[in-house]
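If you're matching them up, the sequences are chains A and G in order.
Each residue of the first sequence is one higher than the one before, starting from 1 at the first, in the numbering used here.
Each residue of the second sequence is one higher than the one before, starting from 1001 at the first, in the numbering used here.
Backbone N, C-alpha and C define an ideal beta-carbon position, used for all residues, glycine too.
Shown next, in structure tokens, is the structure this report addresses.
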Amino acid sequence: MDLYEYQAKELFAKHGVPTQPGKVVTTADEAFNAATSYGVPVVIKAQVKTGGRGKAGGVKLAQNPAEAREKSEQILGMDIKGHTVLKVLVTPAEDIKEEYYASILVDRSQRKYLAMLSLAGGVDIEEVAAKTPEKLAKVLLDPLTPLSQQQAIDLAQRAGLSDSLHQSFADLFLGLWRVFSEEDALLVEVNPLALIADGRLVALDGKVTIDDNALFRHPEDAAFADAATVDPLEERAHEKGLHYVKLDGDVGVIGNGAGLVMSTLDVVSYAGESHGGAKPANFLDIGGGASAQVMADGLEIVLSDPQVKAVFINVFGGITACDAVANGIVEAVNLLKVQGKELKHPLVVRLDGNNAELGRDILRKANIPGVELVDTMDSAADRVAELARKAA
Amino acid sequence: MAVWLDSRSRIIVQGITGAEGLKHAKRMTNAGSVVVGGVTPGKGGQSVDLGSASVPVFNSVSEAMAATGANVSVMFVPAAFSRAAMCEAVDAGIPLLVAITEGIPVHDSAFAVSYALASGKTRIIGPNCPGISSPGLSNAGIIPADITGPGPIGLVSKSGTLTYQLMYELSDIGFSTCVGIGGDPIAGTTLIDVLGAFESDPATSMVVMIGEIGGDAEERAADYIRDHMSKPVVGYVAGFTAPEGKTMGHAGAIVSGSKGTAAAKQTALEAAGVKVGRTPSQTARLAREIKR
């Protein structure tokens, strides 16, 4: 889970990383009040979970409360790379002398943690890394031992940070380490890390990604979840324990196993190339050992997406038994009938593996109008793309 | 011959008294694997019925190894307790630890994997993986044993069901060993580890490698194949249509900005001379052509 800047800064403050005061507001009037209470020029910052908001016009300086109201009005409701701005952060403007970049992240290929510092902060760090890699100092950290003061100072030295700042940087960076390790973060990033005219180092921005698998250790993090930006279908699927991701197309996809479902999305898109551009409407993994009930839940969610015109159920029975999947399909269709809904869209089903023949038999005998069995994944994708286009 | 798992493998199950652990201990036994016992702290001295045999339960991996001569552990311990269970297996010096558990926090996996690497004794496969299967010899994990028989193909994959799909499509040719390395950001065994093992395994004459979006393991594997592999490799990458910034089922399957895309992985693999299939079935056809 990615956090908003203001949430990241809450964690920074909790672990002793210097940040600025700030108020999160949702209306221009509240921004006016916040600016009034600070009594100094403020910065209005769009709260969105994506980079590049400065370039997009989502960060503006306001000299006085009236300007704060005006600029907040411009920013609230703005679209930044598909993210609508619903909140802005109002913070006192700082007299910035220099801008640095600092981060700690999980290095997947080295299977260690990676600490980074660059004096060329305040800009897109991927560009710095690509064009002037010598300006980005890196230290690999062993997951078996906590970050030491000395490692933080080594990083400062390698980056060329002036000696007088080594101690305050090490203190700040150890705070970032505590956010990373104690909050189960996958990424902690500060850009810019600002040197203020009075000599302080301050985290002016913050980006933190929390490991969803560690939420059981951090029940308080549930407050970070953001109902306003979660797709309602994704929310419902999540409540039922299903991995569902909403996409833009018209072919509903249900499968078992993350890899097979990702592959199914691709195969449907390829098939769509010869069928008027049909595309997958969603990712839905019913998981290993899926029962009839899970299939019924999944089908119900996919069919409640108004964009869906046809559904592809693609199952390879490993642990999952195909007869259970077939029973789930029959059950789900019956359930719809009980609710007074007919199966509005065709279902194309491909079953292979564990008890595949039993599963196919169940579907043949049930003889549900609109349900078609197809032998292979590729030809099933072709058929479902064709059906989706006919219905569109 | 096979890779890491063969007829000498003696398997214990960590978490054998749990529903999943017991179910799969039975399945492994039915598939002909030698399951010699299990571990559940506090339940030492009990035994569990695996159908054809009853096996003892121990309080710790080291007790289980001492009593049974086990050299493989398959772990089904819940995510919250997995770090401790993995480190315990490493301390006991088990040569192979197959971590099936899904949903382990990344910091816990990073710790346990580093712990195993530092020990120099234990290879972890996974976590969040289907395990390893050497058809006809042994099966450690949840890969169905009846899809295919022994043969010359080595298979390595980040995905469980795509592993099964390819095993099924190429079942007439057969496999030396199939290794599911798992879909988490931190893996105990990498694509490169498995490729290296296949390169030196006399029973393997070609390799099928299944990757997916996220990270750069496939790009690194491509470099390795170009520089170190003499055996032909056929590849497949899932997730061309995955949107940026969304986790697709597997915790590690995420495109971040311009990084970790399927297209970049395909390009890197093809540049290294790997034939990459557009669909799983096409990948199977490519493998078949090379076999001929």
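Among the options, nearest to residue i - alpha-carbon criterion
i: Ser1293(G); options: Gly1182(G), Ile1254(G) and Val1233(G); result: Residue coverage of chain G in this structure runs from 1001 to 1292, which leaves residue 1293(G) outside it and unanswerable.
i: Lys112(A); options: Asp124(A), Ala93(A), Ile104(A) and Asp142(A); result: Asp142(A)
i: Thr1101(G); options: Ile1124(G), Ile1254(G), Leu1170(G) and Pro1232(G); result: Ile1124(G)
i: Gln110(A); options: Ile1016(G), Gln1046(G), Lys1259(G) and Thr1189(G); result: Thr1189(G)
i: Leu242(A); options: Ala1238(G), Gly1239(G), His1250(G) and Pro1243(G); result: His1250(G)
i: Val1179(G); options: Gly1257(G), Pro1185(G), Pro1144(G) and Asp1172(G); result: Pro1144(G)
i: Gly199(A); options: Ser269(A), Gly54(A) and His166(A); result: His166(A)
i: Leu284(A); options: Gln307(A), Ala296(A), Ala223(A) and Asn256(A); result: Asn256(A)
i: Ala385(A); options: Asn367(A), Leu176(A), Glu357(A) and Leu347(A); result: Leu347(A)
i: His1228(G); options: Ala1287(G), Thr1017(G), Gly1196(G) and Arg1008(G); result: Gly1196(G)
i: Leu1137(G); options: Gly1211(G), Ala1089(G) and Gly1032(G); result: Gly1032(G)
i: Ile319(A); options: Val1048(G), Asp1172(G), Lys1231(G) and Gly1141(G); result: Gly1141(G)
i: Gly1051(G); options: Val1034(G), Ala1118(G) and Met1065(G); result: Val1034(G)
i: Thr1148(G); options: Val294(A), Glu5(A), Asn354(A) and Ala366(A); result: Asn354(A)
i: Pro41(A); options: Gln150(A), Phe180(A) and Glu67(A); result: Glu67(A)
Burial state of residue i, where buried means 16 or more other Cβ atoms lie within 10 Å
i: Gln339(A); result: exposed
i: His470(A); result: Nothing can be reported for residue 470(A): it is not among the residues displayed for chain A, which extend from 1 to 392.
i: Ser1200(G); result: exposed
i: Ser1082(G); result: buried
i: Ala1070(G); result: buried
i: Thr145(A); result: exposed
i: Asp140(A); result: Sequence check: residue 140(A) is Leu here, not Asp. By the neighbour-count rule (16 or more Cβ atoms within 10 Å), Leu140(A) is not buried but exposed.
i: Ala31(A); result: buried
i: Gly359(A); result: buried
i: Asp1193(G); result: buried
i: Gln47(A); result: buried
i: Thr84(A); result: exposed
i: Ser164(A); result: exposed
Cutoff 8 Å: residue i Cβ touching any chain A Cβ
i: Thr1081(G); result: Inspection of the sequence shows that residue 1081(G) is occupied by Phe rather than by Thr. No, Phe1081(G) lies away from the interface with chain A (no Cβ there is under 8 Å from its Cβ).
i: Gly1015(G); result: no
i: Asp1216(G); result: yes
i: Tyr1224(G); result: no
i: Phe1240(G); result: yes
i: Gly1249(G); result: yes
i: Ile1142(G); result: yes
Residue-level contact to chain G via CB, residue i, 8 Å cutoff
i: Glu94(A); result: no
i: Leu265(A); result: yes
i: His166(A); result: no
i: Gly259(A); result: yes
i: Ala324(A); result: no
i: Arg389(A); result: no
i: Phe216(A); result: yes
i: Thr36(A); result: no
i: Tyr4(A); result: no
i: Val374(A); result: no
i: Asp79(A); result: no
i: Asn64(A); result: no
i: Tyr270(A); result: yes
i: Asp205(A); result: no
i: Arg108(A); result: yes
Collapsed DSSP secondary structure at residue i in the structure displayed
i: Lys1246(G); result: coil
i: Cys1178(G); result: strand
i: Ser1157(G); result: strand
i: Thr1163(G); result: helix
i: Ala1140(G); result: strand
i: Ser1131(G); result: The residue you asked about is not Ser; residue 1131(G) is Gly in the sequence shown. Of the three classes helix, strand and coil, the one that applies to Gly1131(G) here is strand, per DSSP.
i: His83(A); result: strand
i: His243(A); result: strand
i: Lys138(A); result: strand
i: Tyr1236(G); result: strand
i: Pro280(A); result: strand
i: Val374(A); result: coil
i: Ala380(A); result: helix
i: Glu342(A); result: coil
| message | Please list, in chain order, the residues of the region 290-319 of chain A that have any C-beta partner in chain G closer than 7 Å. | response | Answer set for the region 290-319 of chain A: Phe316, Gly318 and Ile319.
| said: At a CB distance below 8 Å, what residues from the region 1032-1063 of chain G approach chain A? Give them in sequence order. | reply: Under the 8 Å Cβ criterion, the region 1032-1063 of chain G contributes no residue.
| request: With 7 Å as the C-beta to C-beta threshold (strictly closer), list the residues of the region 1086-1114 of chain G near chain A in chain order. | output: So the close ones are Gly1103, Ile1104, Pro1105, Val1106, His1107, Ala1110, Phe1111, Val1113 and Ser1114.
| task | For the region 277-290 of chain A, enumerate the residues whose C-beta is nearer than 8 Å to any C-beta of chain G, in chain order. | result | Of all residues in the region 277-290 of chain A, the ones placed with a Cβ closer than 8 Å to any Cβ belonging to chain G are Lys279, Pro280, Phe283, Asp285 and Gly288, in chain order.
| said: Residues of the region 226-250 of chain A in Cβ contact with chain G at a cutoff of 8 Å, in chain order, please. | reply: Residues His243, Val245 and Leu247.
| query | According to a CB-to-CB cut-off of less than 8 Å, which residues of the region 350-365 of chain A neighbour chain G? | reply | Hits within the stretch, in order: Asp352, Gly353 and Asn354.
| request: Return the residues of the region 132-163 of chain A that lie within a Cβ-Cβ distance of less than 9 Å from chain G, sorted by chain order. | output: Asp142, Pro143 and Leu144: these are the residues of the region 132-163 of chain A whose beta carbon lies less than 9 Å from some beta carbon of chain G, given in chain order.
| message | Against chain A, which members of the region 1161-1185 of chain G pass a CB distance test of less than 7 Å? | response | If the cut-off is 7 Å between Cβ atoms, the region 1161-1185 of chain G has Thr1161, Leu1162, Tyr1164, Gln1165, Tyr1168, Gly1183 and Pro1185 near chain A.
| task | Could you please tell me which residues of the region 111-122 of chain A, in chain order, have their CB closer than 8 Å to any CB of chain G? | result | Answer set for the region 111-122 of chain A: Arg111, Lys112 and Tyr113.
| task | Closer than 8 Å, Cβ to Cβ, to anything on chain G: give me those residues from the region 174-191 of chain A, in chain order. | result | Within the region 174-191 of chain A, the qualifying residues are Ser181, Asp184 and Leu186.
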